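*Asks:* Heads up, the numbering used here is the position in the sequence shown plus 1017, with the first residue counted as 1.
Ideal placement from N, C-alpha and C gives every residue a C-beta, glycine not left out.
Computed from a prediction, not measured in an experiment: that's the story for all the values here.
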Amino acid sequence: MTTRELKEAKTGGSKKSGQRRKTPSWVYKPAKSSFWWTCFDVDGKTHSKNTYTRNRRAAEKIAREHRAEVLAARAARPPVALKGDLTFSQAAELYWNDIGRHSKKSGQLDADLERIVLMVGPERMCSTITSKDRIDIRTRLRDGIRPPGIGKRGRPLKDPNTYGTKRINDYSDLIPRIIHHAEVMRETTFNLRRERRHPGDSDREKEGVRHRKLKFEEQRRLEKVMDRDLADMVLFDLETGMREEALCTLTWGQIEWSLCEVTFPLKTNKRDPVMHTVDLTEEAMAILYRRLAMHEAEGVGVTSDDRVFMLRLLKDNTLNGKTRHAGDLVPVSPRLLIDRFRKACDAALIDDLVVHDLRRTAGRRVYDEEGSDIEAARAFLGHVDIETTKRYLGVKGTSINKHLRRRSARARLAKAELDRAAANAGAAPGTREHALHLVVGGRNGPGPTGVA
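1) My output table needs one value for Tyr-1180: the three-state DSSP class, helix, strand or coil.
2) Looking only at its chain, what residues have a beta carbon closer than 6 Å to the beta carbon of Ala-1076, apart from the 5 residues adjacent to it on each side?
3) May I ask you to list the residues that DSSP assigns as paired with Arg-1329?
4) Is the CB-CB distance between Thr-1147 and Asn-1072 below 8 Å?
5) Run through the DSSP bridge pairs and tell me what Asn-1067 is partnered with.
6) Kindly list the residues whose CB is nearer than 6 Å to the CB of Gly-1344, restricted to its own chain and excluding five residues on each side of it in sequence; keep chain order.
7) Is the CB of Leu-1247 under 8 Å away from at least one CB in chain C?
8) For Phe-1397, which of Thr-1280, Leu-1309 and Asp-1368 has the nearest alpha-carbon?
9) For the beta strand (DSSP E) holding His-1293, just list the boundary residues, first then last.
10) Hey, could you find the ends of the beta strand (DSSP E) Glu-1278 is sitting in?
11) Note down the Cα distance separating Trp-1274 from Ala-1248, rounded to an integer number of angstroms.
12) Would you list, in sequence order, the uninterrupted alpha helix (DSSP H) runs of no fewer than 4 residues that lie entirely inside the stretch 1102-1172?
13) With a cut-off of 8 Å on the beta carbons, I'd call Glu-1256 and Glu-1300 a contact; round off their distance for me.
14) Could you check if Lys-1241 is buried or exposed, using at least 16 other CB atoms within 10 Å of its CB as the buried criterion?
15) Based on Cα-Cα distance, which residue from Gly-1270, Val-1291 and Val-1295 lies nearest to Asp-1254?
16) Would you tell me roughly how many angstroms separate the C-alpha atoms of Gly-1101 and Lys-1122, rounded to the nearest one?
17) For His-1228, which residues in the same chain have their Cβ closer than 8 Å to its Cβ, ignoring the five residues on either side in sequence?
18) Ser-1065 to Asp-1187, Cα distance in whole Å?
19) Can you tell which of Ser-1189, Ile-1391 and Ala-1199 has the C-alpha that lies nearest to the C-alpha of Gln-1107?
20) Can Leu-1130 and Ala-1109 be called in contact, C-beta distance under 8 Å?
21) Work out the CA separation of Lys-1183 and Arg-1155 for me, nearest whole Å.
22) Output the boundary residues of the alpha helix (DSSP H) element that contains Lys-1078.
23) Compute the Euclidean distance between the alpha carbons of Leu-1103 and Met-1259, then round it to the nearest angstrom.
24) By Cβ distance below 7 Å, which residues in the same chain neighbour Leu-1370 in space, the five residues on each side in sequence not counted?
25) Between Leu-1283 and His-1293, what straight-line distance do the alpha-carbon atoms span, to the nearest angstrom?
26) Hey, could you find the ends of the beta strand (DSSP E) Arg-1382 is sitting in?
27) Does DSSP classify Arg-1401 as helix, strand or coil?
28) If we ignore side chains and look at the alpha-carbon of each, how far apart do Gly-1138 and Asn-1178 end up?
29) Assign Thr-1406 to one of three DSSP states: helix, strand, or coil.
30) Considering Leu-1336, what are the terminal residues of the beta strand (DSSP E) in which it resides?
31) Considering only the alpha carbon of each residue, which of Leu-1191, Leu-1158, Ala-1303 and Cys-1143 lies closest to Arg-1203?
32) So is Phe-1326 buried or exposed if we call it buried at 16+ other beta carbons inside 10 Å?
33) In chain order, what residues of the same chain have a beta carbon less than 8 Å from the beta carbon of Ser-1120, not counting five sequence neighbours either side?
34) What residue from Lys-1149, Gly-1181 and His-1373 has the CA that sits closest to Asp-1160's CA?
35) Following a CB-centred definition, is Ile-1185 positioned closer than 7 Å to any heavy atom of the ligand SAM?
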């Protein structure tokens, strides 16, 4: 939403024929949408909604009804009693009503609030919560102890013995955020204050940067245990550096056969996806031709909207009332790819390797093959900032200067020339005579340049 559109939404439309609408309409039409949208502020919070209508008058009616619903919900909320203590569950509910439900990740935050309330204690008074409680919760999460009442809900832990660093920080940081909001609303002060976030915080878990890459020896072990369909996905990922979401949803229409290119969306915070194009190597093109022939032979669709990569079912199941048999090719979801890849790594005796590490491996191989050129790796991965690529690949310093690379090439040529001369003189490689042959014995036979 542009600044002009926002002004029009709050003032009731743009000027037309020297006149402005007398009453605000709270509707606007984005540049890339054919529908009218409603947008208004209540208590400093912006409420935006698609009316799914192309008629302005109908959109204004929907906007008025939506605003009336928001105002009615605000009026129905019980008033907050000021200057008083309250339980942690009440503070969490207050935080959810004022802030949580309006956040972008409200679904995840709702589940996190439920868990943190159980960890702290629903009936625990906010005035009795101290930093020691946060430390105890961190300790339990490090030990992999699930919150009481949760049971086996949620995805399984990557490491069954502990929660991840980011999840521990997410849970424990909710406590001071909830209490700080309750302090502001109740006009009081509790014992626990929200700490400032800075690198010197000893209370927070240190989030390390992951630098795990697939080794060539590990790749050979994986190829021996993977089936042909999973191997094609893994090898194609190593050639293109795609994320698992883009790899699973890749269609034949995204392949430019004449230019040997593939175009796929990158992960971004923007509303519109950013498309990225990567040149396909001979190995990647061979995989695509093999998949194309396999799909045609088995009667699987090869139109522009059909998936390139599919996996075979391991057992019979039913989806949407349709029975699928073992061995049938089915579309791949990121969850299925992660599960199959984890089982392959277990069979190959490979530890601490996930699907996303394949993208990091592809970027690092480009970096090494291009003579330590960090700019080539950045362009290959589609990063905007080169510092992101350095952290991603674990590269320190800047890329090697082109003159240094040329000097390294001259050094390799000189070493090869010296090896040939030493072989002619009969000197053993690695000996002093081998290294000083040009100085000591170069006059007795043909030198590296053929001078007798």
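*Replies:* According to the structure data:
1) coil
2) Val-1044, Trp-1053, Thr-1068 and Thr-1070
3) Leu-1346
4) no
5) Trp-1054
6) Arg-1329
7) Of the chains in the structure shown, none is chain C; there is only one protein chain.
8) Thr-1280
9) 1291-1296
10) 1278-1283
11) 22 Å
12) 1105-1115, 1123-1137 and 1148-1159
13) 6 Å
14) exposed
15) Val-1295
16) 30 Å
17) Arg-1377, Leu-1410 and Gly-1411
18) 27 Å
19) Ala-1199
20) yes
21) 12 Å
22) 1073-1093
23) 49 Å
24) Arg-1229, Leu-1231 and Cys-1362
25) 6 Å
26) First-last for Arg-1382: 1373-1386, but that is the alpha helix (DSSP H), not the beta strand (DSSP E).
27) Going by the sequence as given, residue 1401 is Val instead of Arg. Of the three classes helix, strand and coil, the one that applies to Val-1401 here is coil, per DSSP.
28) 23 Å
29) helix
30) 1334-1336
31) Cys-1143
32) buried
33) Leu-1126
34) Gly-1181
35) You won't find the ligand SAM in this model; it holds no ligand whatsoever.
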